[in-house]
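Residues in the sequence shown are numbered from 108 upward in steps of one, following this note's numbering. All C-beta atoms, glycine included, are put in the ideal place defined by N, C-alpha and C.
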Amino acid sequence: MRVMPAGLDLGSSSVKAVTAPPARAGGAARRRIATRRLPGGRVEHDAEAILGAALSALRAALPRRSRDLEPLGLATQRSTVLFWDRDTGRPLTPAYSWQDLRGAPLVARLRREARSGGDLDETIGRRTGLRLSPHYSASKLSWALRHVRGLRRRVASGRALWGTLGTFLVWRLSGGVVYAVDHANAQRTLLFDLDSRSWEPELFDTFGLGALVDAPALPAALPTTLTSPVCLRRSGLPLRLCAMTGDQQAALIGLGCRAEGAITINYGSGAFVLISTGERLVRVPGLLTTLLASWRGDRPGARPTVLYAVEGPVNAAATAIDWARKRLRLRLRIADLDRYLTGDRGPPRRVHFLPAVAGLGAPRWDSEARARFAGDLRRAGPRELVRAVVESIAFRCTEIVRAAPPRDVSSGVSILVAGGLTRCRTLLQTQADLLQRPIVVRETPDATGLGAALLTRDPAGWWGRHDAATDRLSVLPRISRDEADARYVAWVKAVYGPEASR
Numbered sequence: 108m109r110v111m112p113a114g115l116d117l118g119s120s121s122v123k124a125v126t127a128p129p130a131r132a133g134g135a136a137r138r139r140i141a142t143r144r145l146p147g148g149r150v151e152h153d154a155e156a157i158l159g160a161a162l163s164a165l166r167a168a169l170p171r172r173s174r175d176l177e178p179l180g181l182a183t184q185r186s187t188v189l190f191w192d193r194d195t196g197r198p199l200t201p202a203y204s205w206q207d208l209r210g211a212p213l214v215a216r217l218r219r220e221a222r223s224g225g226d227l228d229e230t231i232g233r234r235t236g237l238r239l240s241p242h243y244s245a246s247k248l249s250w251a252l253r254h255v256r257g258l259r260r261r262v263a264s265g266r267a268l269w270g271t272l273g274t275f276l277v278w279r280l281s282g283g284v285v286y287a288v289d290h291a292n293a294q295r296t297l298l299f300d301l302d303s304r305s306w307e308p309e310l311f312d313t314f315g316l317g318a319l320v321d322a323p324a325l326p327a328a329l330p331t332t333l334t335s336p337v338c339l340r341r342s343g344l345p346l347r348l349c350a351m352t353g354d355q356q357a358a359l360i361g362l363g364c365r366a367e368g369a370i371t372i373n374y375g376s377g378a379f380v381l382i383s384t385g386e387r388l389v390r391v392p393g394l395l396t397t398l399l400a401s402w403r404g405d406r407p408g409a410r411p412t413v414l415y416a417v418e419g420p421v422n423a424a425a426t427a428i429d430w431a432r433k434r435l436r437l438r439l440r441i442a443d444l445d446r447y448l449t450g451d452r453g454p455p456r457r458v459h460f461l462p463a464v465a466g467l468g469a470p471r472w473d474s475e476a477r478a479r480f481a482g483d484l485r486r487a488g489p490r491e492l493v494r495a496v497v498e499s500i501a502f503r504c505t506e507i508v509r510a511a512p513p514r515d516v517s518s519g520v521s522i523l524v525a526g527g528l529t530r531c532r533t534l535l536q537t538q539a540d541l542l543q544r545p546i547v548v549r550e551t552p553d554a555t556g557l558g559a560a561l562l563t564r565d566p567a568g569w570w571g572r573h574d575a576a577t578d579r580l581s582v583l584p585r586i587s588r589d590e591a592d593a594r595y596v597a598w599v600k601a602v603y604g605p606e607a608s609r
């Protein structure tokens, strides 16, 4: 029977399972997951419900009569963490989302305390490739230890475990045999040294997490491609886990955008710009250095291969549209945006929007920023306001691409895009205009799941190639570079102030 690798994508709003046979016509299934948004910027998921949704999606996508252990690649939303009971596997806390900001007071305090002793942001960046930010796991873990009754005592005795969403899922589906996290998701905790690819006790101490280091066990940090596949016997399905990574890394691979200098934008709840740098570890002020994939060589003593990317997150994309829809009291789906915006006949761009629904990500990194409109609001109707929100996503992605050194961005190449917002032609046209590059939507609606499935194969079979995947849509710039620059500068000055740098 032909091997049919599967990919499981644990996203922020849904779980998707896909199969990726050579003929491309694999099965797919999607299950929605709930998100709780609470005061104080708190955003949570029910990890038990996510596990149930994952199993349901896999059962629907996999062949009914498969007798062989099929390879599975797992891609998860990054930075989302929780604690669970070691004996029962039951969650002891919610899964604290990557969007969750409950750790912001701790991050602010650490910054204040560090001013006299050096730049903590610089230290964090050098060690982890990331920024000191409440979006990453460390401050959420610290919050839980301080606020969840009895949790610290359980951790010290070894009765409570912690980990990413992927760590939890693998623990449960392996029957409590495997306690591990992949390098890409480990990096997103702010507790992982990028150069040595290992946990860094000093970083645990920085966030008051010494109790986790002193606990009987830490999750084993493993390469993306597992040397020893894990039998997921508790899933009730014929699966062996062969690869684990983050959702944005998997999306880049699934789009077929794998060579050095390639650019992808994944428009989901947030938007993520990734620029592949191959085996070069590149640090760019204002952007992140992301571990894209890692694997060990086949021969004893072979040097591990590690691939990197420069990344810029936009904390709110579809989330910003939801924010506007609720405040304007509109019943408006993503699929209806273009039709709705055709009725916007007023003077263009009297209003701009800053999509800081969950603070600002790259390259400004301001967790205190809040979403707001700027401009002549008295004469702006709801369509003009919605257009400003949609266009703001493209402006923020443009801001990130402009922050990357030209030598790390292949000149003139198309930008491959994925995610639910690719259904909005207005967004794609604005992005093409501002970046002065073709925007290409691939015929891969489940790019993240497909990328996870591809990772189960020999890395030589997918790295460095651009697949001959069908392009569903190609959007070309319609304005001149001078006009694009003028529009971008106008937006920057409107949302950041007249003295803001570009």
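Original post:
Applying the criterion that 16 or more other CB atoms from any shown protein chain within 10 Å of the CB defines a buried residue, is Gly526 buried or exposed?
Top reply: Translated into the one-based positions of the sequence shown, residue 526 becomes position 419. It counts as buried.
Subject >> 6 angstroms CB neighbourhood of Trp598 in its chain, flanking five on each side removed >> reply: Counting from 1 along the sequence shown, the entry for residue 598 is found at position 491. Cβ within range, chain order: His459 and Phe502.
**OP:** Output the boundary residues of the alpha helix (DSSP H) element that contains His254.
**Re:** Against the sequence shown, residue 254 aligns to sequence position 147. Run containing His254: Ser244 to His254, per the alpha helix (DSSP H) assignment.
Original post:
DSSP on Gly317, reduced to helix/strand/coil?
Top reply: Here residue 317 corresponds to residue number 210 of the sequence shown, with the count starting at 1. Helix at Gly317.
Original post:
Mind checking whether Ser376 and Ala425 have CB atoms under 8 angstroms apart?
Top reply: As a first step, residue 376 must be located in the sequence shown, where it is residue number 269. As a first step, residue 425 must be located in the sequence shown, where it is residue number 318. Closer than 8 angstroms, so yes.
Original post:
Which residues in the same chain as Ser72 place their Cβ atom closer than 7 angstroms to its Cβ, once the five residues preceding and following it in sequence are excluded?
Top reply: For the chain, the structure presents residues 108 to 609; residue 72 sits outside this window and is missing.
**OP:** Please classify Val188: is it buried, with 16 or more other beta-carbons within 10 angstroms of its beta-carbon, or exposed?
**Re:** Here residue 188 refers to the residue found at position 81 when the sequence shown is read from its first residue. Buried: at least 16 other Cβ atoms inside 10 Å.
Original post:
DSSP state of Ala130, grouped into three classes?
Top reply: Looking up residue 130 in the sequence shown gives position 23. Low per-residue confidence applies at Ala130: pLDDT is 38, beneath 50, and the placement is therefore not dependable enough to give any value.
**OP:** Using a Cβ cut-off of 8 angstroms (strictly closer), state whether Pro326 contacts chain D.
**Re:** Here chain D cannot be found, since the structure has a single protein chain.
**OP:** For Tyr286, name the three-state secondary structure that DSSP assigns.
**Re:** By one-based count along the sequence shown, residue 286 stands at place 179. Tyr286 falls in the coil class under three-state DSSP.
Original post:
So, Ala591 versus Leu541, is the Cβ gap smaller than 8 angstroms?
Top reply: As a working mapping, residue 591 is identified with position 484 in the sequence shown. As a working mapping, residue 541 is identified with position 434 in the sequence shown. The answer is yes: Cβ separation under 8 angstroms.
Original post:
Which partner residues of Met111 appear in the DSSP bridge assignment?
Top reply: Taking the first residue of the sequence shown as position 1, residue 111 is located at position 4. Answer by DSSP bridge pairing: none, since Met111 is not bridged.
Original post:
Beta carbon of Ile507, beta carbon of Pro470: below 8 angstroms?
Top reply: Taking the sequence shown and counting its residues from 1, the one referred to as residue 507 is at position 400. Taking the sequence shown and counting its residues from 1, the one referred to as residue 470 is at position 363. Yes, Cβ-Cβ distance for Ile507 and Pro470 is below 8 angstroms.
**OP:** Have a look at Tyr415 and Ser401 and give me their C-alpha separation to the nearest angstrom.
**Re:** In the sequence shown, counting from the first residue as 1, residue 415 sits at position 308. In the sequence shown, counting from the first residue as 1, residue 401 sits at position 294. Straight-line Cα distance between these residues: approximately 9 angstroms.
**OP:** Going by CA-CA distance only, name the one from Leu561, Glu606, Glu151 and Arg233 that's closest to Gly393.
**Re:** Counted from its first residue, the sequence shown places residue 393 at position 286. Nearest of Leu561, Glu606, Glu151 and Arg233 to Gly393, Cα basis: Arg233.
Original post:
If you count every other CB in all the chains shown that lies within 10 Å of the CB of Lys433, and 16 or more means buried, which is it?
Top reply: Mapped onto the sequence shown, residue 433 falls at position 326. Result: exposed.
Subject >> Contacts around Ala124, its chain only, beta-carbon distance under 6 angstroms, and the 5 residues preceding and following it disregarded >> reply: As a working note, residue 124 is residue 17 in the sequence shown. These residues qualify, in order along the chain: Leu115, Ala136, Ala164, Leu165 and Ala168.
Subject >> Gly385 in three-state terms, based on DSSP >> reply: Here residue 385 corresponds to residue number 278 of the sequence shown, with the count starting at 1. Three-state result, Gly385: strand.
Original post:
Near Ile140, which residues of its chain fall below 7 angstroms by C-beta distance, leaving aside the five closest residues on each side in sequence?
Top reply: Here residue 140 refers to the residue found at position 33 of the sequence shown. Closer than 7 angstroms at the Cβ level, and outside the excluded window around Ile140, lie Ser120, Ser121, Val122, His152, Ala156, Ile157 and Ala160.
**OP:** Classify Thr296 as buried or exposed, calling it buried when 16 or more other Cβ atoms lie within 10 Å of its own Cβ.
**Re:** Walking along the sequence shown from the start, residue 296 turns up at place 189. With 16 or more Cβ atoms within 10 Å of its Cβ, Thr296 is classed as buried.
**OP:** Output the boundary residues of the alpha helix (DSSP H) element that contains Cys504.
**Re:** Counting from 1 along the sequence shown, the entry for residue 504 is found at position 397. Start and end: Pro489 to Ala510.
Original post:
Can you tell me where the alpha helix (DSSP H) with Arg588 in it begins and where it stops?
Top reply: Looking up residue 588 in the sequence shown gives position 481. Per DSSP, Arg588 belongs to the alpha helix (DSSP H) from Arg588 to Tyr603.
Original post:
With C-beta atoms as the reference, is Leu344 less than 8 angstroms away from Leu333?
Top reply: As a working note, residue 344 is residue 237 in the sequence shown. As a working note, residue 333 is residue 226 in the sequence shown. Going by C-beta atoms, Leu344 is not nearer than 8 angstroms to Leu333.
Original post:
Among the residues of its own chain, which have a CB less than 6 angstroms from the CB of Phe379, if the five just before and after it don't count?
Top reply: For the purposes of this step, residue 379 is taken as residue 272 along the sequence shown, with counting starting at 1. Excluding sequence neighbours, Phe379 sits near Gln355, Asn373 and Pro420.
**OP:** Using three-state DSSP, classify Ile140 as helix, strand or coil.
**Re:** Taking the first residue of the sequence shown as 1, we reach residue 140 at position 33. In the structure shown, Ile140 sits in coil (DSSP, three-state: anything other than H, G, I, E or B).
**OP:** Evaluate Pro112 with the Cβ neighbour count: other Cβ atoms within 10 Å of its Cβ, from every protein chain shown; 16 or more gives buried, anything less gives exposed.
**Re:** As a working note, residue 112 is residue 5 in the sequence shown. With 16 or more Cβ atoms within 10 Å of its Cβ, Pro112 is classed as buried.
**OP:** Report yes or no: do the stretch 552–564 and the stretch 357–368 share at least 3 C-beta pairs separated by less than 8 angstroms?
**Re:** yes
Original post:
Just curious, the beta strand (DSSP E) that Gly118 is in, first and last residue?
Top reply: Here the question's residue 118 lines up with position 11 in the sequence shown. Unbroken run through Gly118: none, as it is neither H nor E.
Subject >> Test item: CB-CB of Val288 and Gly273 under 8 angstroms >> reply: The residue labelled residue 288 in the question sits at position 181 within the sequence shown. The residue labelled residue 273 in the question sits at position 166 within the sequence shown. It is a contact, given that the beta carbons lie within the stated cut-off.
Original post:
To which residues of the same chain is Thr537 closer than 6 angstroms at the C-beta, ignoring the five residues directly before and after it?
Top reply: Numbered from 1 along the sequence shown, position 430 holds the residue referred to as residue 537. Excluding positions up to five away in sequence, the list reads Glu498 and Ala501.
**OP:** Sort Thr313, Arg197 and Ile522 by Cα distance to Thr505 and report the nearest one.
**Re:** Along the sequence shown, read from residue 1 onward, the residue named residue 505 stands at position 398. Per the Cα distances, Ile522.
Original post:
Using the C-alpha atoms, what's the distance from Cys338 back to Arg564?
Top reply: Residue numbering aside, residue 564 sits at position 457 when the sequence shown is read from its first letter. Residue numbering aside, residue 338 sits at position 231 when the sequence shown is read from its first letter. Computed Cα separation, rounded: 17 angstroms.
**OP:** Taking Asp445 as part of the alpha helix (DSSP H), name the residues at either end of that continuous run.
**Re:** For the purposes of this step, residue 445 is taken as the residue at position 338 of the sequence shown. Leu444 to Leu448 is the extent of the alpha helix (DSSP H) around Asp445.
**OP:** Indicate the three-state DSSP secondary structure (helix, strand or coil) for Glu606 in the structure shown.
**Re:** Against the sequence shown, residue 606 aligns to sequence position 499. Coil, per DSSP.
Original post:
Whose CA, out of Glu220, Ala221 and Leu248, lies closest to the CA of Tyr203?
Top reply: Counted from its first residue, the sequence shown places residue 203 at position 96. Of the listed residues, the one whose Cα sits closest to Tyr203 is Leu248.
Subject >> Cut-off 6 angstroms between Cβ atoms - residues of its own chain near Leu179, not counting five sequence neighbours on either side >> reply: Locating residue 179 in the sequence shown gives position 72, where the first residue counts as 1. Hits under 6 angstroms: Ala113, Leu346 and Leu348.
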